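Numbering that gives the first Met the number 0 applies: residue 0 is where the sequence shown begins, and numbers increase by one.
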Amino acid sequence: MKKMMIICLLAVASVLGVSAQSENEAIKNIMARTSVRKYTDQPVSKADIETMLRAGMAAPTAVNKQPWHFVVVTNREQLNALATANRGTGMAAKAPLAIIVCGDMQKTLSGVGQGFWVQDCSAATENILLAANALGLGAVWTGLYPNEERAKAVRDVVKAPENIVPLCTIVIGHPAENPAPKDKWKPENVSYNNFGEKTE
Ligand SMILES: Cc1cc2nc3c(=O)[nH]c(=O)nc-3n(C[C@H](O)[C@H](O)[C@H](O)COP(=O)(O)O)c2cc1C
0 MKKMMIICLL AVASVLGVSA QSENEAIKNI MARTSVRKYT DQPVSKADIE TMLRAGMAAP
60 TAVNKQPWHF VVVTNREQLN ALATANRGTG MAAKAPLAII VCGDMQKTLS GVGQGFWVQD
120 CSAATENILL AANALGLGAV WTGLYPNEER AKAVRDVVKA PENIVPLCTI VIGHPAENPA
180 PKDKWKPENV SYNNFGEKTE
């Protein structure tokens, strides 16, 4: 009887623990984000664009160098040009907004630290995706770096100088599809203390 009660208490505690985690708004937003590739014609407001840019710039950045530059594209012809500049960005032809996240090679660390710009800009990209989701927008990360040909094509669309290296184009809009977030939880991708150990 006592054993049964303990098992019940543990089960309740575990359920409460899980629900406490999923009640957290920030965690819920992270788990709900998914790539959205179809959008309505409604433009994204200036206030929402600024919120996403502020979220991007709030990302961690090595030695606080902030070696990034964000090109906001709302012009229809340029959105169409972005769609053809990179195969993976085709959805931009029917989107009201794209943000090109770039590294500025004049603002990076020098020496071996130079490559940290990729991580800084990736962190900024994820922050923008999360902000978009929190605002009820749909967005998708479309990769450019390290494909130099695609990066050059995108740089040409927005007339960026050579020191500006596009990492990715985030295509954004009000969602016209509602894909379910993918469950990517795989315990086999985790080790504890030593590689391959499955328990603490
Ligand atoms: C580096 C990188 C490059 C990506 N490039 C593209 C792309 O070119 N076109 C596209 O539609 N999605 C692209 N994606 C989005 C992925 O396809 C998507 O994140 C993945 O399928 C997981 O789905 P989820 O975002 O809904 O969780 C890219 C994502 C990353 C991180």
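In this text, a Cβ means the ideal position worked out from N, Cα and C, and glycines have one as well.
Since we're looking at a predicted model, the values are computed, not measured.
Beta-carbon proximity list for residue i, same chain, < 6 Å, skipping 5 on both sides
i, result
"aspartate 182", "none"
"lysine 37", "Ala175, Glu176"
Same chain only: Cβ atoms within 8 Å of residue i, ignoring 5 sequence neighbours per side
i, result
"glutamine 105", "Asn162"
"aspartate 155", "Ala84"
Through-space distance from residue j to residue i, alpha-carbon basis
i, j, result
"threonine 141", "threonine 88", "6 Å"
"valine 100", "glutamate 22", "31 Å"
"aspartate 119", "proline 66", "8 Å"
"valine 164", "phenylalanine 115", "13 Å"
"glycine 258", "arginine 32", "Within the shown structure, residues of the chain are numbered from 0 to 199, placing residue 258 beyond reach of any answer."
"leucine 78", "asparagine 192", "47 Å"
"alanine 80", "valine 117", "24 Å"
"leucine 134", "alanine 97", "16 Å"
"aspartate 47", "histidine 173", "11 Å"
Counterpart residues of residue i in DSSP-defined beta bridges
i, result
"alanine 138", "Ser34, Ile171"
"tyrosine 191", "Asn193"
"valine 72", "Ala97"
Cβ shell of residue i (< 7 Å), same chain only, five flanking positions each side left out
i, result
"aspartate 103", "Pro66, Trp67, His68, Asn162, Ile163"
### Query
How about the region 106 to 117 and the region 40 to 53: do they share at least three Cβ pairs that are nearer than 8 Å?
Flag = no, the region 106 to 117 and the region 40 to 53 do not touch.
### Message
Please give me, in chain order, every unbroken run of the beta strand (DSSP E) with length at least 3 that falls completely inside the region 94 to 120.
### Response
Complete beta strand (DSSP E) runs here, min 3: 96 to 103.
### Message
Tell me whether the region 51 to 63 and the region 125 to 134 touch, counting them as touching only if at least three CB pairs, one residue from each stretch, are closer than 8 Å.
### Response
With the cut-off at 8 Å, the region 51 to 63 and the region 125 to 134 touch.
### Message
When you compare the region 185 to 192 with the region 56 to 66, are there three or more beta-carbon pairs, one atom per stretch, that lie closer than 8 Å?
### Response
With the cut-off at 8 Å, the region 185 to 192 and the region 56 to 66 do not touch.
### Query
Touch check for the region 140 to 156 and the region 69 to 87: three-plus C-beta pairs under 8 Å?
With the cut-off at 8 Å, the region 140 to 156 and the region 69 to 87 touch.
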